[in-house]
Structures are given as C-alpha cells and as structure tokens.
Amino acid sequence: MDPVIINHPGLALAGYGIDTRLENGDNLRQIPAFWNDYAQRLRQPLLESLGRPHAPEYGVTCDFNPADGSFRYLIAMECPADGEPPADSERRALPPAKYAVFTTPPAPDPARFGEAIVATWQHIYGQWLPASAKWEHAIGASFERYDGRCAPGQPSLQMDIYIPVQPKR
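The numbering of the sequence shown is our numbering, which starts it at 113 and goes up by one.
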C-alpha cells in the first residue's frame, strides 16, 4: 500500500475533541466511542450551524506528546473564517503541508471498515514509514478524511489518512 504524496493547502476546521493516549490502547477504545457519541449528539448541530445538509468529516490527531503518547483527537468539518459553529465546539487551523495520503482498502460493512482503518494506521507506522527511503514523519497533525465513499448505503467503504511528511535528512 503506497501513498500519494501531495502538497495540501491546509484546512480551517470546527468540531469536537477528546484527549486520549496510546498507552494500553486507550485511543483504540476511546476514539470509536467518541465517534458514536458524536454521531448521536454532535454531528447534526454542527452541520446545521455550518448551513449544510452533509459535509466531509475529519478525524484529526494533534498535539501529540511523544513523552507520554498523549494527544488530542478532533472530529471536525471544514468551517470558513466567517462560519459560526456551535459555541461549545473548538476551531483548529491546519497549515499547508506535504502529506502522504493512504486510502484504506474497500470494506463491505462498518465493522470491516473499522478494521481496515486500524490496519492502515498500523501499516503506516509499522511498515511504510520505517521502510521509506525518501520520506520521514514531519511535525504536524495527521488526519482522516471521511467523504461520500463511506456514507451510509455505499456498497464498499473507504477513506483517506493524511500523514505529514518531509524528505529524509
């Protein structure tokens, strides 16, 4: 699974976040539970505040602390500077950066889609980055982009994972 390398123009986002960590696989339990809560309580008010019936969603991994493996995970949508998201939401700007973009393999159902997402993250950090002769991880936020390819009713579910990269030094 090889990525496409792109120069991304950056994003202005609004959404909701949680603090989690890698230790004991906390993130692997907390992030799916957070998505469920978001889908039930937070998605619709965010869409309404942005004046949209639907929009791509982003799962952003930011503020990573390598000392203890903690980070912030934000579920968000694009929000223009003049947008008015809900008062309890947070805004985050991702600056332009170079990214390696990985597309998950097609999955026939939500359970296998979740497995494909985890497997893609594991491939990125366990295989691709360590083996890459050209690229290394750069400082910055990684993010997942969920668009129409994973909307309800699709026969095959896919999404993209964006990892900030820079040429190896």
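Cβ atoms here follow ideal geometry from the backbone N, Cα and C, with glycine treated the same way.
Within 8 Å, strictly: CB atoms of residue i and residue j
{"i": "I236", "j": "F214", "result": "yes"}
{"i": "A253", "j": "H120", "result": "no"}
{"i": "L123", "j": "L206", "result": "yes"}
{"i": "L158", "j": "A193", "result": "no"}
When the options are compared against residue i, the one with the closest alpha-carbon
{"i": "F176", "options": "D131, P218, P222", "result": "D131"}
{"i": "V172", "options": "A188, P178, D149", "result": "A188"}
{"i": "G195", "options": "A245, R141, Y274, G163", "result": "G163"}
{"i": "L134", "options": "P178, I117, Y211, S268", "result": "P178"}
Identity of the residues DSSP links to residue i by a beta bridge
{"i": "E227", "result": "None, per the DSSP bridge assignment."}
{"i": "M113", "result": "M113 is not bridged to any residue."}
{"i": "T232", "result": "In the DSSP output, where bridge partners are listed per residue, T232 has none listed."}
{"i": "D272", "result": "T215, R257"}
{"i": "D131", "result": "R184"}
{"i": "L206", "result": "L123"}
{"i": "N139", "result": "Answer by DSSP bridge pairing: none, since N139 is not bridged."}
{"i": "G171", "result": "I187, E256"}
Rounded straight-line distance, which links the Cα of residue j to that of residue i
{"i": "Y289", "j": "P242", "result": "Nothing about residue 289 can be reported from this structure: the residues present for the chain run from 113 to 281 only."}
{"i": "P198", "j": "A245", "result": "44 Å"}
{"i": "K280", "j": "L140", "result": "29 Å"}
{"i": "F183", "j": "C174", "result": "6 Å"}
{"i": "W240", "j": "D114", "result": "8 Å"}
{"i": "A231", "j": "G265", "result": "23 Å"}
{"i": "L154", "j": "F146", "result": "10 Å"}
{"i": "Y274", "j": "S201", "result": "23 Å"}
message: I'd like to know if the segment 151-171 and the segment 256-265 are in contact, where contact means that at least 3 CB-CB pairs between them fall below 8 Å.
response: yes
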